[in-house]
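Student: If you read the sequence shown in my numbering, its first letter stands for residue 28, the second for the next number, and so on.
Here a beta-carbon is modelled for each residue, glycine too, at the ideal position from N, C-alpha and C.
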Amino acid sequence: MDGNRIALRLGGLLGAVTMPAALGRKVAPSLRVRAMPAPALAHPGGERWTFLSGPGSATLEHMAALVPMGVSVVGDNALVVLPSPETEALDLWRWVDWPTRADLPAQAALLATTRALAASVPAARSEKP
28 MDGNRIALRL GGLLGAVTMP AALGRKVAPS LRVRAMPAPA LAHPGGERWT FLSGPGSATL
88 EHMAALVPMG VSVVGDNALV VLPSPETEAL DLWRWVDWPT RADLPAQAAL LATTRALAAS
148 VPAARSEKP
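(1) Can you name, in chain order, every residue of its own chain whose Cβ lies under 7 Å from the Cβ of R142, other than the five neighbours on each side?
(2) Quick one, are the C-beta atoms of L40 and P82 less than 7 Å apart?
(3) Note down the Cα distance separating E113 from A62, rounded to an integer number of angstroms.
(4) Give the secondary structure of T77 by DSSP, where H, G and I count as helix, E and B as strand, and everything else as coil.
(5) When burial is assigned at 16 or more other CB atoms within 10 Å of the CB, is G51 buried or exposed?
(6) For L35, does the three-state DSSP call read helix, strand or coil?
(7) Measuring straight from C-alpha to C-alpha, what distance separates D103 and L35?
(8) Thinking C-beta only, is L144 closer than 7 Å to V54?
(9) Can you name the residues that DSSP bridges to W122?
(10) Which residues bound the alpha helix (DSSP H) around V60?
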């Protein structure tokens, strides 16, 4: 990226799922209750969140249900910008849930939780990915 941003390249042991913030606000506490906390960051403007996860690939069934809700699985080799003191001070990328563990939740578990909660967040359907 540039000198002001920290980024992770996805792939191997690292995946990510992006969704509307309204849905992310439901998913984050649900993951914590299930002892599967996932680091989550808010994008500039705060309307979208990205959850870091373990590797995985979404099933067609999951994606058929989640894409209309604005949920996307970030592809391998993509870069995810991580919050830094500078981006947080400028109200750009910021941590919603800081990384607290060395392990990440399985992407399949993150998607299943998201799918289960997506129906209860009507605003998520109208937000674009």
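Tutor: Based on what the coordinates show:
(1) H89, A92, L93
(2) yes
(3) 31 Å
(4) strand
(5) buried
(6) Here L35 carries a strand assignment [DSSP, helix/strand/coil].
(7) Going from the Cα of D103 to the Cα of L35 covers about 11 Å.
(8) Closer than 7 Å, so yes.
(9) L68
(10) 48 to 60
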